[in-house]
């Protein structure tokens with residue numbers, strides 16, 4: 012009987028086992044601790060944590076382009092500011108509209124890429140939203156038109172951001188650590204353009220912040236003004252600061268391929284560039300940690316400030332109730348004092364009448 016039971020198998024035994032999610036190896040890489048926040052008791056543990064943090068950061072940077080090409084859901088505000096003779100006017104074509112932002116490539120170069128904005132929702136909601144939104148606000152933003160990307164709401168208080176919906180909750184934009192600001196180039200219609208993007212979590216905000224900065228860095232390194240001197244060390248710094256790598260390659264002699272360079276010199280130059288890259292990476296990671304800690308402190312201070320405001324409001328309410336009660340008691344006391352005066356007058360009148368009656372009785376008895 013036991014042998015027969017062992018021969019009978021369930022249908023699940025014949026189906027392939029599928030494991031959801033990532034493998035343990037991929038999960039261990041994604042779950043790497045943050046270097047500057049890891050609890051380290053020795054310098055070796057600190058350096059290992061920093062190494063894992065740098066590897067995790069590089070892995071996120073490599074995945075960012077494909078993630079942005081698929082699109083990210085955000086809430087978006089666009090601020091067009093016009094400055095005329097010292098006075099400025101703010102115009103919001105977009106007011107907290109749910110958007111789907113993605114990177115659209117029209118070629119192999121980043122100069123041809125742009126950020127495309129599309130309304131989020133169904134066909135009917137998109138049609139209704141487009142009527143309320145300026146058409147120029149949904150135009151693609153070229154990568155070459157981005158002047159910078161910063162954390163938070165630069166140049167505007169995030170608590171005072173307008174809303175397009177009537178059912179907006181009070182204080183829904185109080186967490187400034189969920190915002191980034193994209194600064195665009197001026198246009199004939201606006202002296203400055205600011206795009207405020209709000210995310211659902213700070214980790215997604217940080218990934219997009221560093222990813223967009225990485226795209227701008229790739230644009231300058233590969234297609235813009237060169238920074239490094241490794242392309243042509245013989246050129247002076249002024250020419251190197253104004254020439255692109257393609258221009259410098261065109262200035263090389265025709266027999267450049269036949270020139271032999273000692274291998275130790277190549278290794279020395281590569282090691283120098285690698286050391287500079289590692290140094291900048293560690294400094295940048297430390298700056299990111301400082302930003303996170305500062306935002307945590309700011310959130311804590313804002314919470315304390317809100318608690319103080321609530322306590323002050325409660326005290327003002329109690330004080331108003333006390334003042335109202337004092338006024339009522341004062342009126343009651345004034346009424347009692349007036350009644351007391353009336354009673355005193357009545358008492359004096361009664362005493363006077365009693366005395367008069369007594370005198371009259373005495374006069375009658377004497378007669």
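Residue numbers (our numbering): 12 to 378.
Backbone N, C-alpha and C fix where the C-beta goes; we use that ideal spot for every residue, glycine too.
**Report entry** C-alpha distance - residue 319 paired with residue 329, whole-angstrom precision
**Finding:** 15 Å
Query raised in the report: In terms of residues, what are the limits of the alpha helix (DSSP H) holding residue 73?
Result: 54-81
Query raised in the report: For residue 103, which residues from the same chain have a beta carbon less than 7 Å from its beta carbon, with the 5 sequence-adjacent residues on both sides left out?
Result: 88, 89, 90, 173
Query - Residues of its chain near residue 68, where Cβ-Cβ distance is below 8 Å and the 5 sequence neighbours each way are ignored - result: 221, 292, 296
Requested in this report: Would you kindly work out how many angstroms separate the C-alpha atoms of residue 228 and residue 304, rounded to a whole number?
Outcome: 25 Å
Query raised in the report: What residues in its chain sit with their C-beta under 8 Å from that of residue 374, if we drop five residues either side in the sequence?
Result: none
Query raised in the report: What do you reckon, are the CB atoms on residue 107 and residue 152 nearer than 8 Å?
Result: no
Query raised in the report: Thinking C-beta only, is residue 238 closer than 8 Å to residue 193?
Result: no
Report task. Could you say which of 131, 105, 154, 100 lies nearest to residue 122 if we only look at CA atoms? Result -> 154
Query raised in the report: When burial is assigned at 16 or more other CB atoms within 10 Å of the CB, is residue 112 buried or exposed?
Result: buried
Requested in this report: Work out the CA separation of residue 168 and residue 85 for me, nearest whole Å.
Outcome: 18 Å
Query raised in the report: For residue 368, does the three-state DSSP call read helix, strand or coil?
Result: helix
Query raised in the report: Got a sec, what are the start and stop residues for the alpha helix (DSSP H) residue 216 sits in?
Result: 213-234
Query - Rounded straight-line distance, which links the Cα of residue 354 to that of residue 369 - result: 22 Å
Requested in this report: Please go through the same chain and pick out, in chain order, the residues whose beta-carbon is closer than 7 Å to the beta-carbon of residue 82, but skip the five residues on each side of it.
Outcome: 111, 112, 113
Query raised in the report: Under the three-state reduction of DSSP, which class applies to residue 343: helix, strand or coil?
Result: helix
Report task. Rank 236, 213, 185, 160 by C-alpha distance to the C-alpha of residue 205 and give the top, closest one. Result -> 160
Query raised in the report: Can you give the Cα-Cα distance for residue 335 and residue 349, rounded to whole angstroms?
Result: 21 Å
Query - Proximity to residue 128 [Cα-Cα], best of 79, 119, 215, 166 - result: 79
Report task. Tell me residue 204's beta-bridge partners as DSSP assigns them. Result -> 91, 195
Requested in this report: With a cut-off of 8 Å on the beta carbons, I'd call residue 189 and residue 210 a contact; round off their distance for me.
Outcome: 5 Å
Query - Beta-carbon spacing of residue 109, residue 131 below 8 Å - result: yes
Report task. Give me the Cβ distance between residue 92 and residue 203, rounded to the nearest whole Å; I'm assuming they're in contact under 8 Å. Result -> 5 Å
Query raised in the report: For residue 191, is the classification buried or exposed, using 16 other Cβ atoms within 10 angstroms of its Cβ as the cut-off for buried?
Result: buried
Query raised in the report: Per DSSP, what kind of secondary structure is residue 174 in: helix, strand or coil?
Result: coil
Query raised in the report: When the distance is taken between beta carbons, is residue 187 closer than 8 Å to residue 309?
Result: yes
Query - Residue closest to residue 105, alpha-carbon to alpha-carbon, out of 231, 207, 119 - result: 207
Query raised in the report: How close, in whole Å, do the beta carbons of residue 185 and residue 170 come, if the pair is a contact with beta carbons under 8 Å?
Result: 6 Å
Query - Contact set for residue 120: own chain, Cβ-Cβ below 7 Å, skip 5 residues either direction - result: 234
Query raised in the report: Just to confirm, are residue 57 and residue 65 a CB contact at a threshold of 8 Å?
Result: no
**Report entry** residue 288 to residue 282 span [Cα, whole Å]
**Finding:** 10 Å
Query raised in the report: If you run the structure through DSSP and keep just helix, strand and coil, what is residue 373?
Result: helix
**Report entry** Backbone secondary structure at residue 275 - three-state DSSP
**Finding:** helix
Report task. Tell me whether residue 212 is buried or exposed, calling it buried when 16 or more other Cβ atoms sit within 10 Å of its Cβ. Result -> exposed
Query raised in the report: If you count every other CB in all the chains shown that lies within 10 Å of the CB of residue 60, and 16 or more means buried, which is it?
Result: buried
Report task. Within its chain, find whatever has a CB closer than 7 Å to the CB of residue 214; leave out the 5 residues flanking it on each side and keep chain order. Result -> none
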